[in-house]
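**Q** Submitted below is the structure of interest, expressed as structure tokens.
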Amino acid sequence: MLPEGYQNVESTVRAVLADVLGLSAERVAAFEPATPLFGALPELDSMAVAGVLTEIEDRLGILIEDDEVDGDMLETFGALTEFAAGKALV
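The sequence shown lines up with residues 1465 to 1554 when you count with the working numbering.
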């Protein structure tokens, strides 16, 4: 069972990926938890990562510390959503 507010976090992460990376809403709507992100989406390069994380911070009202950012959290859509939910739903 998903925690209350999880769907809102997931929707926010989808919207951020669409907005920052210029992906279509249809493409982002099809993302599953196992959908690979960093290294699989050419739009999500190292420069775009900063924009995505900053926008997630702004929209969810969270703070992501530099030492929390690693390849695992950006590996899949599910990992990024879980990370954001873990920060936002405390």
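Every residue, glycine too, gets a C-beta built ideally from N, C-alpha and C.
In angstroms with no decimal places, state the Cα-to-Cα distance between Met1465 and Leu1544.
**A** Counting from one through the sequence shown, the residue named residue 1465 turns up at place 1. Counting from one through the sequence shown, the residue named residue 1544 turns up at place 80. Cα to Cα, Met1465 sits roughly 18 Å from Leu1544.
**Q** Considering only C-alpha positions, which residue in the set Arg1523, Ala1479 and Ser1510 is nearest to Val1533?
**A** Counted from its first residue, the sequence shown places residue 1533 at position 69. Selected option, being the one with the closest Cα: Ser1510.
**Q** What does the Cβ neighbour count give for Thr1518, buried or exposed, with the cut at 16 atoms within 10 Å?
**A** For the purposes of this step, residue 1518 is identified with residue 54 of the sequence shown, where counting begins at 1. Exposed, because fewer than 16 other Cβ atoms sit within 10 Å of the Cβ of Thr1518.
**Q** Assuming the contact rule is C-beta atoms closer than 8 Å, Ala1504 and Val1492 should be a hit. Round their C-beta distance to whole Å, please.
**A** Stepping through the sequence shown from its first residue, residue 1504 is reached at position 40. Stepping through the sequence shown from its first residue, residue 1492 is reached at position 28. Incorrect: roughly 14 Å between the Cβ atoms, too far for contact.
**Q** Would you mind sorting Glu1474 into buried or exposed? The rule is 16 or more other CB atoms within 10 Å of its CB.
**A** The sequence position of residue 1474 within the sequence shown is 10, counting from 1. Answer is buried; the Cβ neighbour count reaches 16.
**Q** Here's a check: name, in chain order, each residue in its chain whose Cβ is nearer than 6 Å to the Cβ of Arg1523, leaving out the five neighbours to either side.
**A** Looking up residue 1523 in the sequence shown gives position 59. For Arg1523, where only same-chain residues beyond five positions count, the Cβ hits under 6 Å are Thr1476.
**Q** Please return the same chain residues whose Cβ sits closer than 8 Å to the Cβ of Gly1542, not counting the five positions on each side in sequence.
**A** Counting from one through the sequence shown, the residue named residue 1542 turns up at place 78. Answer for Gly1542: Glu1496, Pro1497, Ala1498 and Thr1499, listed in chain order.
**Q** Use the C-beta contact count for Val1554: other C-beta atoms within 10 angstroms, 16 or more gives buried, fewer gives exposed.
**A** Counting from one through the sequence shown, the residue named residue 1554 turns up at place 90. Per the 10 Å Cβ criterion, exposed.
**Q** In angstroms, rounded to a whole number, what distance separates the CA positions of Lys1551 and Leu1527?
**A** Position 87 of the sequence shown, counted from the start, is the residue given in the question as residue 1551. Position 63 of the sequence shown, counted from the start, is the residue given in the question as residue 1527. So the two alpha carbons sit approximately 8 Å from each other.
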